[in-house]
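Okay, so the sequence shown: first residue is 35 according to the working numbering, each after it adds one.
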Amino acid sequence: MSLCEKYGLFDVISGVLVGKPIDETYSTEYCDLLVKVINKPELPILYNINIGHATPRCIIPFGVNAHVDAEQQVISFE
Numbered sequence: 035m036s037l038c039e040k041y042g043l044f045d046v047i048s049g050v051l052v053g054k055p056i057d058e059t060y061s062t063e064y065c066d067l068l069v070k071v072i073n074k075p076e077l078p079i080l081y082n083i084n085i086g087h088a089t090p091r092c093i094i095p096f097g098v099n100a101h102v103d104a105e106q107q108v109i110s111f112e
């Protein structure tokens, strides 16, 4: 995360998707740390979703744009 901040990644994206921790261990701590490191209140962060290493999981393709509809709880890829 520090490298992402260092190279300005959080200045050119419109949101962050973060997977659910395995067994939801340290879930609150991860979320708090993520918000602190990113330090951009205007940047939406969708946390604790079923992507990554925890089950159930969904694979997110690299290099595509995503659209998040928080009201409908839908993530779509273009």
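Ideal placement from N, C-alpha and C gives every residue a C-beta, glycine not left out.
Would you check if the distance between the CB atom of residue i and the CB atom of residue j is smaller than 7 Å?
i, j, result
"LEU80", "VAL98", "no"
"LYS40", "ALA88", "no"
"PRO75", "GLY49", "no"
Could you check how far apart the C-beta atoms of residue i and residue j are, in whole angstroms? I think they sit under 8 Å.
i, j, result
"LEU144", "ILE83", "Only positions 35 to 112 of the chain appear in the structure, and residue 144 is not among them; the question remains open."
"ILE109", "ALA100", "6 Å"
Going straight from the alpha carbon of residue i to that of residue j, what length do you get?
i, j, result
"SER36", "CYS65", "15 Å"
"ASP45", "ASN73", "11 Å"
"GLU105", "GLY86", "23 Å"
"THR62", "GLU112", "31 Å"
"ILE47", "CYS38", "11 Å"
"ASP57", "LEU68", "18 Å"
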